[in-house]
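Student:
In the UniProt record's numbering, the protein residues as written are 1 to 187.
1) Decide if residue 185 is buried, meaning its Cβ has at least 16 other Cβ atoms within 10 Å, or exposed.
2) Skipping 5 residues on each side, what residues in its chain have a beta carbon closer than 7 Å to that of residue 78?
3) Would you check if the region 51 to 68 and the region 79 to 92 touch, i.e. whether three or more CB-CB distances between them fall below 8 Å?
4) Which runs of the beta strand (DSSP E) spanning at least 3 residues fall entirely within the UniProt domain "Nitroreductase" (20 to 164), listed in chain order?
5) Relative to the C-alpha of residue 13, which candidate in 129, 183 and 180 has its C-alpha closest?
6) Pair every Cβ in the region 172 to 184 with every Cβ in the region 32 to 44, then say whether three or more of these pairs are closer than 8 Å.
7) Looking at residue 136 and the ligand MG, is the gap between the Cβ and the nearest heavy atom below 7 Å?
8) Give the DSSP-derived three-state secondary structure of residue 17 in the structure shown.
9) Since I believe residue 46 is in contact with residue 95 (beta carbons under 8 Å), could you give me their beta-carbon distance rounded to a whole number of angstroms?
10) When you compare only the Cα positions, how much space is there between residue 171 and residue 131?
11) Which residue or residues does DSSP assign as beta-bridge partners of residue 176?
12) Expressed to the nearest angstrom, what Euclidean distance is found between the alpha-carbon atoms of residue 175 and residue 9?
13) Within the chosen definition, does the region 156 to 170 reach the region 69 to 78 through at least 3 CB pairs nearer than 8 Å?
14) If we ignore side chains and look at the alpha-carbon of each, how far apart do residue 108 and residue 40 end up?
15) Are residue 116 and residue 155 close, meaning C-beta to C-beta below 8 Å?
16) In angstroms, rounded to a whole number, what distance separates the CA positions of residue 144 and residue 65?
17) Which residues in the same chain as residue 148 place their Cβ atom closer than 6 Å to its Cβ, once the five residues preceding and following it in sequence are excluded?
18) For residue 119, which option in 134, 19, 187 and 7 has the closest C-alpha, if you only look at C-alpha atoms?
19) Could you check if residue 21 is buried or exposed, using at least 16 other CB atoms within 10 Å of its CB as the buried criterion?
20) Could you tell me whether the Cβ atoms of residue 19 and residue 90 are closer together than 8 Å?
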């Protein structure tokens with residue numbers, strides 16, 4: 001089996017991350033990998049917000065603001081959890097899709113392209129020796145969050161990618177039986 005195939009078969013998310021994370025040059029490499037995904041009609045629908053350093057604290061406050069906009073009586077513990085969420089990793093990349101009207105490329109296909117970009121970032125980070133986890137949740141559709149990130153009205157968040165170093169050993173996931181998910185048409 002090729003090393004690349006084995007790598008792809010063993011990749012898994014790392015919910016516990018710590019420093020170091022990818023530096024600016026490495027993040028650019030991650031984004032270059034993301035820009036190679038399938039892109040029907042060359043719409044280039046993907047957009048990225050890279051959040052590091054104090055930007056993580058700012059995003060945490062945005063999450064608190066979003067929480068309070070939806071629940072003005074949110075408990076202090078919920079506010080603390082929202083504030084701390086971006087601090088789970090040294091680097092966050094928000095992957096979004098700028099949906100564009102097109103007669104041959106529907107919205108869903110554009111979103112899938114942005115999803116492929118997010119997955120490419122995770123794979124590239126793993127190839128660099130880092131790890132990551134893909135999160136969405138209510139903040140992905142929240143108006144307060146999208147406004148703070150300066151998103152266009154037709155821009156949809158598909159992933160909050162948390163990137164850094166593994167804080168523990170990688171999970172050993174069992175291989176799945178391909179036949180449980182596939183129907184072959186041979187004739």
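Every residue, glycine too, gets a C-beta built ideally from N, C-alpha and C.
Tutor: With the given structure in hand:
1) So residue 185 counts as exposed.
2) 67
3) yes
4) 46 to 52, 91 to 98 and 131 to 135
5) 129
6) no
7) The ligand MG is not part of this structure, which contains no ligands at all.
8) strand
9) 7 Å
10) 12 Å
11) Under DSSP, residue 176 forms no beta bridge with any residue.
12) 8 Å
13) Contact between the region 156 to 170 and the region 69 to 78 is absent, because fewer than three Cβ pairs lie under 8 Å.
14) 12 Å
15) no
16) Across the structure, residue 144 and residue 65 are spaced so that their CA atoms are roughly 7 Å apart.
17) 62
18) 134
19) buried
20) yes
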